[in-house]
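Residue numbers (the working numbering): 477 to 904. Ideal Cβ placement from N, Cα and C applies to all residues, glycine included. Here the structure is a predicted model, which is why all the values come from computation and not from measurement. Take a look at the structure set out below.
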């Protein structure tokens with residue numbers, strides 16, 4: 477069943493990744509090439525031939541043919557385009573965030589998202605999963621990038637998160653009249669209503685289902701960080717999503733919500749702050765992925781403890797509690813053999829700074845190569861897209877980046893991306 481689901485999910489997500497074919501042939505002359513991060517093998521003096529948005533072949537030496545474009549990266553380290561498994565492109569946390577919620581239309585959010593999408597692409601991220609945004613805004617942005625209307629990473633879009641009434645993902649902290657207007661239709665109570673919410677999200681265009689299994693730091697309510705969906709609701713959500721060919725990922729901090737979601741057959745956990753030994757065993761049993769989002773924990777803690785804190789009192793208390801615990805959580809998960817996919821929760825921290833996550837992963841005990849694997853081959857596997865992205869081989873998407881230094885020695889080199897090609901198009 478899991479293999480069948482992976483195939484169906486891959487078809488669903490591949491539709492979101494399909495793009496406009498590019499006629500231009502590009503000869504990428506790479507000084508050093510990490511074509512498949514799974515192996516860790518770095519080759520020298522190679523040329524990648526890109527045709528119609530895909531890698532046509534990889535050859536020895538520096539070659540070119542008449543009529544093609546040369547991308548001279550002989551002085552650079554080339555690797556696959558990066559994948560961020562958790563972003564929020566249509567906004568960014570700041571002092572005006574609560575006001576933006578009631579002054580921006582879905583069209584405004586899509587335009588804001590277009591700007592942040594370009595920043596994300598230029599930072600070297602050629603594919604992202606957007607895990608929480610207004611349906612109309614993010615689906616329009618996803619489709620516009622796919623058509624080539626605006627530059628940006630390929631987007632796997634969840635749209636509005638499936639959430640409990642009054643919990644994280646619902647609208648909180650405004651007058652009752654405003655909250656009724658802003659409440660998304662993906663909010664639900666009871667197994668049957670949650671099945672309805674999942675099916676509606678698929679109907680409206682979701683590539684993946686994002687749920688909020690526990691309370692969250694940035695919801696403006698003092699409702700804690702523990703489990704909010706019932707076990708029966710979690711089971712209904714996962715079964716409904718899988719029946720409609722969608723994977724389910726859960727925002728989850730509290731260990732009760734983490735473990736209940738994994739027991740229900742969920743596919744991945746975002747954050748995972750309070751995971752324990754039982755969680756690690758469930759991750760491994762299910763083959764589920766952890767997306768640690770260490771930048772988000774670091775960011776909210778720094779804001780909450782700093783002199784210019786713009787968070788509300790409820791948000792501040794949770795940020796001071798959860799933020800400092802996330803690095804140790806990732807270390808425990810890594811040491812326990814949990815599969816990790818790169819994700820930042822960018823939109824909490826600033827768009828374009830996504831690669832800062834690599835240094836935090838290394839601080840949590842991953843080697844630079846392992847950190848790179850989380851954002852390439854691991855993330856591709858997480859989304860059942862290993863045949864499309866994550867490494868550079870004939871037939872795969874022509875998504876690649878370059879840096880001047882060696883990221884296997886200093887992973888912060890990935891914060892200084894000098895070249896970006898997505899789908900065979902040279903953007904930087």
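Would you kindly check if the distance between the Cβ of residue j and the Cβ of residue i is under 9 Å?
i: residue 815; j: residue 757; result: no
i: residue 798; j: residue 729; result: yes
i: residue 536; j: residue 855; result: no
i: residue 790; j: residue 695; result: yes
i: residue 513; j: residue 849; result: yes
i: residue 554; j: residue 516; result: no
i: residue 896; j: residue 628; result: no
i: residue 671; j: residue 637; result: no
i: residue 562; j: residue 609; result: no
i: residue 686; j: residue 750; result: no
i: residue 828; j: residue 771; result: no
i: residue 884; j: residue 836; result: no
i: residue 762; j: residue 738; result: yes
i: residue 704; j: residue 639; result: yes
i: residue 817; j: residue 868; result: no
i: residue 689; j: residue 736; result: yes
i: residue 811; j: residue 841; result: yes
i: residue 760; j: residue 693; result: no
i: residue 819; j: residue 769; result: yes
i: residue 602; j: residue 585; result: no
Provide the residue span of the beta strand (DSSP E) that contains residue i, from first to last.
i: residue 591; result: First-last for residue 591: 582-598, but that is the alpha helix (DSSP H), not the beta strand (DSSP E).
i: residue 603; result: 601-606
i: residue 659; result: Per DSSP, residue 659 belongs to no beta strand (DSSP E) and is neither H nor E.
i: residue 507; result: 502-509
i: residue 726; result: 724-728
i: residue 688; result: 685-688
i: residue 671; result: No beta strand (DSSP E) contains residue 671, which is instead part of the alpha helix (DSSP H) from 667-680.
i: residue 558; result: 558-563
i: residue 631; result: 630-633
i: residue 898; result: 895-898
Which residue's Cα is closest to the Cα of residue i: the options?
i: residue 899; options: 845, 558 and 522; result: 558
i: residue 425; options: 501, 551, 597 and 733; result: Given that the chain is displayed from residue 477 to residue 904, the structure contains no residue 425 and the question cannot be resolved.
i: residue 528; options: 503, 510 and 509; result: 503
i: residue 526; options: 688, 519, 588 and 541; result: 541
i: residue 723; options: 859, 755, 509 and 879; result: 859
i: residue 697; options: 736, 519 and 788; result: 788
i: residue 870; options: 521, 546, 556 and 752; result: 556
i: residue 821; options: 775, 753, 590 and 640; result: 775
i: residue 872; options: 578, 878, 861 and 879; result: 861
i: residue 963; options: 501, 511 and 500; result: Residue 963 cannot be examined here, being either before or after the span of the chain that is shown, 477 to 904.
i: residue 569; options: 853, 868, 824 and 843; result: 824
i: residue 748; options: 649, 805 and 794; result: 805
i: residue 892; options: 717, 595 and 577; result: 595
i: residue 625; options: 612, 593 and 659; result: 593
i: residue 604; options: 684, 587, 539 and 838; result: 684
i: residue 852; options: 721, 794, 518 and 866; result: 866
i: residue 550; options: 611, 523, 692 and 533; result: 523
i: residue 443; options: 894, 658, 545 and 633; result: Nothing in the structure corresponds to residue 443, since the chain is present only between 477 and 904.
i: residue 574; options: 699, 847, 786 and 887; result: 786
i: residue 752; options: 534, 733 and 769; result: 733
i: residue 545; options: 577, 718, 731 and 505; result: 505
i: residue 590; options: 577, 576 and 614; result: 614
i: residue 879; options: 552, 759 and 746; result: 552
i: residue 716; options: 693, 701 and 740; result: 740
i: residue 813; options: 826, 702, 519 and 754; result: 754
i: residue 635; options: 808, 674 and 521; result: 674
i: residue 653; options: 539, 769, 578 and 584; result: 578
i: residue 543; options: 501, 874 and 533; result: 501
i: residue 890; options: 830, 863, 902 and 839; result: 830
Where does the unbroken alpha helix (DSSP H) through residue i begin, and where does it stop?
i: residue 621; result: 611-623
i: residue 575; result: 573-579
i: residue 857; result: 853-858
i: residue 839; result: 832-839
i: residue 906; result: For residue 906 there is no data in the structure shown, the boundaries of the chain being 477 and 904.
i: residue 875; result: No alpha helix (DSSP H) contains residue 875, which DSSP labels as neither H nor E.
i: residue 848; result: 844-850
Using a Cβ-based criterion (distance less than 8 Å to any ligand heavy atom), does residue i qualify as near the ligand MN?
i: residue 513; result: As for the ligand MN, it is missing from this structure, which has no ligand bound.
Residue ranges of each alpha helix (DSSP H) run of no fewer than 4 residues wholly in the segment 791-821, ordered along the chain?
List check, alpha helix (DSSP H) in window: 802-811.
Could you pull out every unbroken beta strand (DSSP E) segment of at least 3 residues lying fully inside the segment 730-787, listed in chain order?
Within the segment 730-787, complete beta strand (DSSP E) segments of at least 3 residues are found at 744-747 and 765-767, given in chain order.
contact_flag[the segment 779-792, the segment 660-678] where n(CB pairs < 8 Å) is 3 or more:
As far as the Cβ criterion goes, the segment 779-792 does not touch the segment 660-678, which means the pair count is below three.
With a cut-off of 8 Å, do at least 3 Cβ pairs link the segment 616-634 to the segment 643-662?
Contact between the segment 616-634 and the segment 643-662 is absent, because fewer than three Cβ pairs lie under 8 Å.
Fully enclosed by the segment 525-553, which beta strand (DSSP E) runs are 3 residues long or longer?
Counting only runs of 3 or more, we get 530-536.
Check whether the segment 701-716 and the segment 652-667 touch, using three or more Cβ-Cβ pairs below 8 Å as the test.
Verdict: yes, contact present.
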